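Below is one structure; the comments refer to it alone.
In the numbering used here, the protein residues as written are 82 to 187.
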């Protein structure tokens, strides 16, 4: 199981709107689970207008590709695209800024 951490950059003036709107649909939760994504968490850094994400998957890239092909994910991405700084959040455009792990204590 691989652990993944990433950053999404939100337009500063839209951060509060993004957080208020981010009520995850049950169908989206199911699609995330079906894609093999586990222990998924999101954290907000208000000073940097960024979302820090963390999840675990056997093959993260494969899981994201599987999720990205679902209709519910396409609808979700379209709904939230307006909140992201250009390119951020768009997996096809490399918008997930992957963090490099340098320490781990189990």
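Glycine included, every Cβ here is placed at the ideal spot set by N, Cα and C. Source: prediction; values computed, not measured.
Around the CB of residue 164, 16 or more other CB atoms lie within 10 Å, so the residue is classed as buried. Here the C-alpha atom of residue 103 lies approximately 16 Å from the C-alpha atom of residue 94.
Per the coordinates, the alpha-carbon of residue 133 lies some 20 Å from the alpha-carbon of residue 117.
In the DSSP assignment, residue 135 forms a beta bridge with 86 and 122.
The DSSP-derived three-state label of residue 106 is coil. In this structure, the CA atom of residue 161 is about 17 Å from the CA atom of residue 178.
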